[in-house]
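Following: one structure in structure tokens, then a few remarks.
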Amino acid sequence: MDSNSTAKSLVVYFSMPETTEPENMSREEELSTVVIDGEVLGNTQYVAYIIAENTGADIFRIEPVTPYPLDHSELENIAQKEQSGNFRPEIAGTVEDIDQYDAIFFGFPNWYYDMPMIMYSFLDQYDLTGKTVLPFVTSGGSGFSDAIGTIKDMEPDADVVTDGLSISRNVVQDSEPDIIEWLTEKGFIQ
Ligand SMILES: Cc1cc2nc3c(=O)[nH]c(=O)nc-3n(C[C@H](O)[C@H](O)[C@H](O)COP(=O)(O)O)c2cc1C
Numbered sequence: 068m069d070s071n072s073t074a075k076s077l078v079v080y081f082s083m084p085e086t087t088e089p090e091n092m093s094r095e096e097e098l099s100t101v102v103i104d105g106e107v108l109g110n111t112q113y114v115a116y117i118i119a120e121n122t123g124a125d126i127f128r129i130e131p132v133t134p135y136p137l138d139h140s141e142l143e144n145i146a147q148k149e150q151s152g153n154f155r156p157e158i159a160g161t162v163e164d165i166d167q168y169d170a171i172f173f174g175f176p177n178w179y180y181d182m183p184m185i186m187y188s189f190l191d192q193y194d195l196t197g198k199t200v201l202p203f204v205t206s207g208g209s210g211f212s213d214a215i216g217t218i219k220d221m222e223p224d225a226d227v228v229t230d231g232l233s234i235s236r237n238v239v240q241d242s243e244p245d246i247i248e249w250l251t252e253k254g255f256i257q
């Protein structure tokens, strides 16, 4: 077992819950959210919180300067355009002193068999040399697609773990035991 339990960690994630209203959701809205005590969280956001809660990691949510639309088909159009144009959407805010972190949990939803382009923006912007990078993904079934290889290519001097955590959107709400098991395997929980 690794011993990462004393590492200083940061959870970096992007998540796009398709509504803020806990009631009367459409199918697409339901599929992209978890409701906890009346609060709507995105799927990846929920996993990010469970990781932070169980490891004491700090948390940074990647948010675009220009917010994405909540409407599903508008969101799909924009995501497709960003991907086909190889865009780098600008990130609002910055991570304070990324050098203080030994480990970066790096989470995103699968968008069209890849990371959302804003994750590329993050990897372009931050040098993760020497850090352990632990990818996690939520998806409708595609898992990581080739994203772990892409992260490695973009951060060649980071130690990117190849067995990242992949959670299906159908089971996010019940995924805490799996998340804890993965964190334990990776040495973040003893
Ligand atoms: C624009 C877009 C593209 C998507 N493409 C895929 C895909 O290629 N494969 C897949 O399994 N799921 C895909 N999904 C489903 C999301 O990965 C899934 O709903 C995810 O859990 C959403 O996480 P979030 O609520 O944190 O944003 C896509 C969703 C959106 C909005």
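Residue numbers (our numbering): 68 to 257.
By construction, the Cβ of each residue, glycine as well, lies at the ideal position given by its N, Cα and C atoms.
Name the residue from Asp241, Met186 and Val238 whose alpha carbon lies nearest to the alpha carbon of Ile218.
Met186
Any contact of the segment 236-249 with the segment 93-106, i.e. 3+ C-beta pairs under 8 Å?
yes
For the segment 122-204, which segments carrying the beta strand (DSSP E) assignment without a break, of at least 3 residues, lie completely within its bounds, in sequence order?
125-128 and 170-176
Hey, out of Ile234, Glu88, Val79 and Asp213, whose CA is closest to Arg128's CA?
Val79
Output yes or no for whether 8 Å exceeds the beta carbon distance between Val107 and Glu88.
Result yes, Cβ atoms of Val107 and Glu88 sit closer than 8 Å.
Give me the Cα-Cα distance between Met182 and Pro223, rounded to the nearest whole angstrom.
17 Å
Can you tell me whether Arg236 sits near ligand 1, meaning its C-beta is under 7 Å from at least one heavy atom of the ligand?
yes
Rounded to whole angstroms, how far is the Cβ of Lys198 from the Cβ of Ala225, which I believe are closer than 8 Å?
About 5 Å; that satisfies the 8 Å criterion.
Secondary structure at Gly109, three-state DSSP: helix, strand or coil?
strand
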